[in-house]
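Please read the structure below before turning to the comments.
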Amino acid sequence: MSNISIRKVRKTYDKNEVVHGVDLEVAAGEFVVLLGPSGCGKSTLLRMVAGLEAITSGEIAIGNKIVNKLEPRERGCAMVFQNYALYPHMSVAENIGYALKIARVPKVERNEKIRSVAETLNIADFLDRKPAQLSGGQRQRVAMGRAMIREPKIFLYDEPLSNLDAKLRVAMRLEIRKLHQRLGTTTLFVTHDQVEAMTLADRIVVMNKGIIEQVGTPLEIYSRPASAYVAGFIGSPSLNMIKGVLNPETATITLNDGQALQYDLKRWPNLHAGEIIAGFRAEAVSLCNSSKSLTLNPQFIEELGVSRQLHCELAGEQIIVTSQSDHDVKAGIPLHVTIEPGQIQLFNAQTGVRLETEVYDVDASVTQIRKAS
Amino acid sequence: MDKHATFSNTWLATALIIPQLLLVFVFFYWPTAEAVYWAFTLEQPFGGSNQWVGMQNFQTVFNDSKYWNSVIVSIIFALATTALSLIISLGLALLVDRRLPGHQLFSFAYFIPYAMAAPAAGLAFRFIFAPSAGFMAAINEWYPNLWNPATNGSHALLLIILCQSWQSIGYNFVFFLAALQSIPRTLTEAGAMDGASVLRRMADIQIPLVAPTLFFLIIINLTDSFVNSFGIVDITTHGGPARATDLMVYKIYFDGFKAQDYSLAAAESIVLMLLVIALTFFQFRFVERRVHYN
Ligand SMILES: Nc1ncnc2c1ncn2[C@@H]1O[C@H](COP(=O)(O)OP(=O)(O)O)[C@@H](O)[C@H]1O
Ligand SMILES: [Mg+2]
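Residue numbers (our numbering), protein chains in the order written: chain A, 1 to 373; chain B, 1 to 294.
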């Protein structure tokens, strides 16, 4: 178990900077997930920690020791790759035991360890097989066994579940979490799947184009996304966001089609009039027929059993509304709804930054948040 | 669905393959048939049609100790050039595959020798290794007679081995490099994470994974050293001294065109052909099948 410190780390490939000065502290024993869309630099960051990629500038320390110049094998990390990277010419046992063989662990002891690791992962029956003779899920386990057997200070996972089918993915997710509970090894886990991030992480790091947008516990990130970008990434469905014009006198936001949303004036008493992004969760919308209601156009309906997701059009934008299955809703027939003003979140229309409550105006709030972070 | 492209028009298909068939026929099957004919006949002393003599030419060949000498020299030559060339080219490919700065330049430089004609390479080696004038002359100054391929048979053999290996390194290098580059990079990275050093990764991961290419190249190189070594011998040693570099393919040429015994040369070339066929058969039958992982 070791902590990881990433300080002002940048990465440049042929003059093209892909990681723009990342700072991150991972405490010993913590499970941190790097979340972001494909190409945002998650793998690059992870590989710099592993030592597979040179660090262009900045520092990475593992257990308070700067590792910039150390070879991968001197860093004490084990890694699970997306495509598993099993050695195709070695049996499962040889794959798992390779690190110990390199470390000159005597054969008897090595075999014992291989067996015990294989038993924890339920692959003891396949020890003699070659990777090509295994299913995706079994290969995944072998890859994890190979990482576990070294009892590393740090586990690094690079999208380890994305090649599995949905059901297996959920099962393996659980096992990775259990493994972490049992061993308590510091873990950095890369994924582009927000559900994976939400379910696994102690803390999530949301990345966007080589920078960190937000760091926080899954709940913090879900309930108080730092930007429209994070809000659009987290939750299933993600936060509904819609552009409009803020009128502080009436505490409303006028949408493109002339309809208005009410926001909570008590939380933002000093906002200036102007463009704004309003965000609300699918569950915050309630179906009703009051005079203050908004009109939505349901376009299609996803039945989930417990509830339904209504994909609707509002002021020219797509939003998703959750409703009970017993409501009578039909695609194409306009729907009247209200949204509780307390459920509305606000984001700066230009920068996408979240407006915290009790600030003077839209622009000032941006500078304030910038300074704070 | 059928994976092969097929022609519904048989006439067009035939017309398209005829030029190729003609070439193969004129330059391969016809000379081969001619050689078989020569091998089983003898020329009349004063002209006229050839006389059928059955296995007599082969008996002459196999009873000649000079022929067996040539077989042994050829085998030593083939094994030594193949081993030397494969080891060096695999080493170079492993280094270039690490993609250190400038690796493209090295790939290019390593491949160049293959593009050089055998006589040109032979000439270059003749100068480089000339005992009295070339690079070796300087060494001979210090240790007289350390190197003299003109009188020392082992030196001469070593000279043609070096020359042939040097030439085939480029070809082998390209195959090895392609094979190494088709190994997913994450495999060597996984090896690095498992604690293996660069050399250990080469030995445990990269070389085993290029084994199919290695076996393929062993056969190709052996075949090549048997049949494609004429130019080098002709330029550098002429089979000498004292038949120390008298490779089978050179002996065929010498017996046929210098000693004018076509029948003997034909019989010898049939033997060489059978040897190459056997190697090729071995390649297809065993090697291609055995070494595959996925
Ligand atoms: N070896 C490389 N050479 C050049 N560019 C690279 C290399 N590896 C990654 N990149 C670029 O760096 C960016 C981040 O890549 P990566 O870290 O793999 O993203 P992610 O893992 O988040 O999908 C991408 O734009 C990618 O094209
Ligand atoms: Mg990636």
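Each residue gets a CB set at the ideal place from its N, CA and C atoms; glycine is no exception.
Under 9 Å (Cβ pairs) to chain B, residues found in the region 103 to 135 of chain A: 103, 130, 131 and 132
Closer than 6 Å: residue 377(A) CB and nearest ligand 2 heavy atom: Absent from the structure is residue 377(A), since the part of chain A shown begins at 1 and ends at 373.
Residues bridged to residue 241(A) (per DSSP): 279(A)
Spatial neighbours of residue 146(B) in its chain, beta-carbon cut-off 7 Å, leaving aside the 5 residues before and after: 139 and 140
The region 269 to 279 of chain B in contact with the region 80 to 97 of chain B per 3-pair CB rule at 8 Å: no
Check whether residue 282(A) and residue 322(A) have beta carbons under 7 Å apart: yes
Helix, strand or coil at residue 360(A) [DSSP, three-state]: Confidence at residue 360(A) is low in this model, with a pLDDT of 45, below 50, so its placement is unreliable and no value can be given for it.
Residue 229(A) at chain B interface by Cβ criterion, 7 Å: no
Beta carbon proximity, residue 194(B) to chain A, threshold 7 Å: Judged by the 7 Å Cβ criterion, residue 194(B) is in contact with chain A.
C-beta neighbour in chain B for residue 157(A), strict 7 Å: no
Neighbour flag for residue 213(B) against chain A, beta carbons, 7 Å: When Cβ-Cβ separations below 7 Å define contact, residue 213(B) makes no contact with chain A.
Continuous beta strand (DSSP E) assignments of at least 3 residues falling wholly in the region 305 to 348 of chain A: Counting only runs of 3 or more, we get 307 to 314, 317 to 324, 335 to 339 and 345 to 348.
Residue 18(A) CB to nearest heavy atom of ligand 1 below 6 Å: Checking the Cβ of residue 18(A) against ligand 1 gives yes.
Per DSSP, cross-strand counterpart(s) of residue 52(B): 41(B)
Partners in chain A for residue 208(B), counting only beta-carbon separations shorter than 7 Å: 89
Neighbour list for residue 187(B) in chain A, Cβ cutoff strictly below 7 Å: What residue 187(B) touches in chain A: 85 and 87.
Any chain B beta carbon closer than 7 Å to residue 201(A): Judged by the 7 Å Cβ criterion, residue 201(A) is not in contact with chain B.
Any non-hydrogen atom of ligand 3 within 6 Å of residue 104(B) CB: What this structure holds is ligand 1 and ligand 2, not ligand 3.
Pairwise C-alpha distance: residue 254(B) and residue 84(B): 27 Å
Under the three-state DSSP convention, the category residue 54(A) falls into: Residue state, collapsed to three classes: coil.
Cβ of residue 190(B) within 7 Å of any chain A Cβ: yes
Segments assigned alpha helix (DSSP H), at least 4 residues, entirely inside the region 139 to 195 of chain A: 166 to 183
CA nearest to the CA of residue 298(B), picked from 34(B), 29(B), 58(B) and 115(B): Limits of chain B in this structure are 1 at one end and 294 at the other, which puts residue 298(B) out of reach.
Where residue 181(B) falls, given that 16 or more other Cβ within 10 Å makes a residue buried: Exposed, by the Cβ-count rule.
Inter-residue spacing [alpha-carbon to alpha-carbon] between residue 111(B) and residue 69(B): 34 Å
Interface flag, residue 375(A) vs chain B, CB-CB below 7 Å: Since the first residue of chain A shown is 1 and the last is 373, residue 375(A) is not available in this structure.
Residue 39(A) beta carbon near ligand 1 (any heavy atom closer than 6 Å): yes
Whole-angstrom C-beta distance between residue 202(A) and residue 32(A), which should lie under 8 Å: Distance from residue 32(A) to residue 202(A) at the Cβ level is roughly 7 Å; contact confirmed, criterion being Cβ atoms closer than 8 Å.
Residues that residue 207(A) bridges to, as DSSP identifies them: 212(A)
Assigned exposure category for residue 77(A) - 16 Cβ within 10 Å defines buried: Residue environment for residue 77(A): buried (at least 16 other C-beta atoms within 10 angstroms of its C-beta).
Test: residue 144(A) CB closer than 7 Å to a CB of chain B: At a cut-off of 7 Å between C-beta atoms, residue 144(A) does not count as an interface residue with respect to chain B.
Continuous beta strand (DSSP E) assignments of at least 3 residues falling wholly in the region 21 to 90 of chain A: With a minimum length of 3 residues, the continuous beta strand (DSSP E) runs that stay inside the region 21 to 90 of chain A are 31 to 35, 57 to 62 and 77 to 80.
Short CB-CB distance (under 7 Å) between residue 81(A) and chain B: yes
Residue 99(A) at chain B interface by Cβ criterion, 7 Å: For residue 99(A), the nearest CB of chain B lies under 7 Å from its own CB, placing it at the interface with that chain.
Residue 139(A) at chain B interface by Cβ criterion, 7 Å: no
Residue 13(A) Cβ short of 6 Å to ligand 1 heavy atom set: yes
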